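Residue numbers (our numbering): -13 to 166.
Shown next, in structure tokens, is the structure this report addresses.
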């Protein structure tokens, strides 16, 4: 497996961990159990910054254009599906953020959170099982290496130097507090 695809799959693992937390928060809130509001907002911020801006940004700004340049169609098929799912994820994230603003609108939050989690889990599976193998088939090793380098540059440009590590540390703290 190329370094570029390894980077994206590693990020998928972190996103799944964040979705596990989101599911836990949603279950606790739905059962009238307290969830620290700062932790909830931190998790939503992590999903926005890491999953969307950083990870989806790498796919939209770098991977998909490379695949289009290699001959895949952006107007339909898997690439259009990826873009549509990213857009729907952003919409659901905005609904969650609005619903989580005090006072919490539990019904809207829970509905959006459940749909977001299901969407991203299915999306990640499609990318891991179909899109990424396709990328490794149609892109040369040189193109994949260039992508991996561009992913690192993109991350620094979009979220800043060292931010990736601090977001992973936040994820670990929340996991320790709520999942262990």
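Don't be surprised by glycine CBs; every beta carbon is placed ideally from N, CA and C.
Computed from a predicted structure; not experimentally measured.
- Between the stretch 29 to 37 and the stretch 4 to 14 there are three or more inter-stretch CB-CB distances shorter than 8 Å, so the stretches are counted as touching.
- Burial state of residue 75 is buried, judged by a 10 Å Cβ sphere holding 16 or more other Cβ atoms.
- C-alpha of residue 121 to C-alpha of residue 20: approximately 44 Å in a straight line.
- Below 8 Å, too few C-beta pairs join the stretch 70 to 86 and the stretch 138 to 152 to call them touching: fewer than three.
- Straight across, the Cα-Cα distance linking residue 152 with residue 108 is about 27 Å.
- For the alpha helix (DSSP H) assignment, the uninterrupted runs of no fewer than 4 residues enclosed by the stretch 49 to 101 are, from N- to C-terminal side, 50 to 55, 63 to 86.
- An exposed status is given to residue 55, since fewer than 16 other beta-carbon atoms sit within 10 Å of its beta-carbon.
- By the Cβ criterion, the stretch 121 to 139 is not in contact with the stretch 86 to 98, since fewer than three pairs of Cβ atoms, one from each stretch, lie closer than 8 Å.
- Counting the other CB atoms within 10 Å of its CB gives residue 143 a total below 16, which places it among the exposed residues.
- DSSP places residue 131 in the helix class (H, G or I) of the three-state scheme.
- For residue 148, the secondary structure class from DSSP, reduced to helix, strand or coil, is coil.
- In the three-state reduction of the DSSP assignment, residue 19 falls in the coil class.
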